[in-house]
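Asker:
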DNA sequence: AGTTGTGTTGAAGA
DNA sequence: ATCTTCAACACAAC
């Protein structure tokens with residue numbers, strides 16, 4: 043599941059591999075994922091445009107093009123972007139893996155490269171925007187402050203918590219309109235590291251607990267970026283390779299396994315229709 | 001073999 | 001308003 047660290051890994055890969063390259067053509071067998079324009083119009087808009095830069099806001103990918111257009115890509119659950127270089131024989135093995143075989147869109151690039159979009163469940167979306175209208179578009183989407191934005195301070199975090207006193211912290215952390223970037227994996231990990239149960243109301247959290255959640259959010263997200271994300275299931279980087287954070291998960295997807303800290307059996311609970319994983323002895 | 005769970009988001013319903 | 005449910009879709013696990 044691509045959350046902030048996985049998207050950040052993709053963004054840095056894209057900037058390293060395809061910044062400045064020219065799109066020669068575009069192919070899709072699932073144009074439904076392309077929002078706002080027909081496939082034909084979209085193809086026309088792609089041809090002979092340069093990819094200037096990749097950017098990230100929360101889990102959202104922004105690709106700035108040379109025609110004052112910006113591509114907004116959301117990977118949703120199973121989307122991932124692969125960069126292939128036909129002049130290199132590298133990564134054939136990764137790309138052959140089944141999870142990388144659900145290619146529904148291809149940007150053909152110069153220098154023998156392609157940007158290929160694999161998406162098993164086909165929930166991902168591609169939106170073509172005027173770069174000028176970007177800030178308006180993002181405001182409309184109600185994307186909250188990025189969890190790694192330097193403006194996301196402890197003071198700001200407290201203001202956000204106090205604005206939603208009755209909300210459960212486990213639900214709050216997942217709400218992209220408040221803070222963007224945290225998904226199901228990292229909310230369980232952040233709350234475990236902070237010793238706080240997901241069903242605690244914001245108003246019940248004392249200053250020490252708030253501080254721990256705030257600090258662990260940055261700490262865990264940055265460590266996960268360093269480890270190139272969590273490949274618990276479908277996620278792969280632009281080489282089609284696995285991330286490594288799944289090796290150090292403390293609670294996520296570890297139902298009925300023993301807590302790595304205290305040996306208590308990890309439990310799975312449902313919160314807002316989604317699973318959350320807890321150690322009832324480490325978290326209060 | 002049919003049912004259920006999976007997680008992200010937007011839209012619809014209450 | 002805010003919460004809950006569902007739908008988008010494919011597949012693995014039961």
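In this note's numbering, the protein residues as written are 43 to 326. Here a beta-carbon is modelled for each residue, glycine too, at the ideal position from N, C-alpha and C.
Check for me: the beta strand (DSSP E) holding residue 159 runs from which residue to which?
Answerer: Position 117 of the first chain, counting from 1, holds the residue named residue 159. From DSSP, the beta strand (DSSP E) with residue 159 extends over 155–161.
Asker: Roughly how many whole angstroms lie between the Cα atoms of residue 215 and residue 229?
Answerer: Here residue 215 refers to the residue found at position 173 when the first chain is read from its first residue. Here residue 229 refers to the residue found at position 187 when the first chain is read from its first residue. The alpha-carbon atoms of residue 215 and residue 229 are separated by roughly 6 Å.
Asker: Below 7 Å CB to CB, which residues in the same chain sit around residue 59 once its five sequence neighbours on both sides are set aside?
Answerer: For the purposes of this step, residue 59 is taken as the residue at position 17 of the first chain. Taken in chain order, the residues that qualify are 125 and 280.
Asker: Should residue 111 and residue 173 be called a contact, given that it needs their Cβ atoms to be closer than 8 Å?
Answerer: Counted from its first residue, the first chain places residue 111 at position 69. Counted from its first residue, the first chain places residue 173 at position 131. Closer than 8 Å, so yes.
Asker: Between the alpha carbons of residue 196 and residue 256, how many angstroms are there, rounded?
Answerer: If you number the first chain from 1, residue 196 lands on position 154. If you number the first chain from 1, residue 256 lands on position 214. Taking the straight line joining both Cα atoms gives about 7 Å.
Asker: Residue 110 lies in the beta strand (DSSP E); which residues open and close that run?
Answerer: Here residue 110 refers to the residue found at position 68 of the first chain. First-last for residue 110: undefined, no H or E at that position.
Asker: Is the CB-CB distance between residue 270 and residue 120 below 8 Å?
Answerer: The count along the first chain starts at 1 and reaches residue 270 at position 228. The count along the first chain starts at 1 and reaches residue 120 at position 78. In this structure, residue 270 lies away from residue 120, with their beta-carbon atoms at least 8 Å apart.
Asker: From 213, 247 and 131, pick the residue whose C-alpha is nearest to that of residue 204; which is it?
Answerer: Here residue 204 refers to the residue found at position 162 when the first chain is read from its first residue. Selected option, being the one with the closest Cα: 247.
Asker: So what does DSSP say about residue 281, is it helix, strand or coil?
Answerer: Counting from 1 along the first chain, the entry for residue 281 is found at position 239. Three-state DSSP puts residue 281 in coil, outside helix and strand.
Asker: Can you tell me whether residue 90 is helix, strand or coil according to DSSP?
Answerer: Locating residue 90 in the first chain gives position 48, counting from the first residue. Collapsing the DSSP output to three states places residue 90 in coil.
Asker: Alpha carbon to alpha carbon, what distance is there between residue 75 and residue 265?
Answerer: Translated into positions along the first chain, residue 265 becomes position 223. Translated into positions along the first chain, residue 75 becomes position 33. The alpha-carbon atoms of residue 265 and residue 75 are separated by roughly 32 Å.
Asker: Residue 313 bridges to which residues according to DSSP?
Answerer: Locating residue 313 in the first chain gives position 271, counting from the first residue. Paired residues: 316.
Asker: With a cut-off of 8 Å on the beta carbons, I'd call residue 359 and residue 159 a contact; round off their distance for me.
Answerer: The structure shown does not extend to residue 359, since the chain spans only 43 to 326, so no value can be given for it.
Asker: Once you ignore the five residues that flank residue 144 on each side, which residues in its own chain have a CB closer than 7 Å to its CB?
Answerer: Looking up residue 144 in the first chain gives position 102. Once the five neighbours on either side are set aside, the close Cβ partners of residue 144 are 160, 161 and 162.
Asker: Mind reading off the beta-carbon distance from residue 43 to residue 225? Whole number of angstroms is fine, and I expect it under 8 Å.
Answerer: On the first chain, residue 43 is found 1 positions in, with the first residue counted as 1. On the first chain, residue 225 is found 183 positions in, with the first residue counted as 1. Yes, they are in contact, since the Cβ atoms of residue 43 and residue 225 sit about 6 Å apart, within 8 Å.
Asker: Measuring CA to CA, which of 104, 291 and 227 is closest to residue 180?
Answerer: For the purposes of this step, residue 180 is taken as residue 138 along the first chain, with counting starting at 1. It is 104.
Asker: Could you tell me which uninterrupted beta strand (DSSP E) segments, each at least 3 residues in length, are contained entirely in the stretch 43–87, listed from first to last along the chain?
Answerer: Counting only runs of 3 or more, we get 64–70.
Asker: Whole angstroms are fine: how far does the CA of residue 293 sit from the CA of residue 284?
Answerer: Translated into the one-based positions of the first chain, residue 284 becomes position 242. Translated into the one-based positions of the first chain, residue 293 becomes position 251. Rounded to whole angstroms, residue 284 to residue 293 spans 20 Å at the Cα level.
Asker: Taking all protein chains shown into account, decide if residue 80 is buried (16 or more other Cβ within 10 angstroms of its Cβ) or exposed.
Answerer: Counting from 1 along the first chain, the entry for residue 80 is found at position 38. Exposed is the call here.
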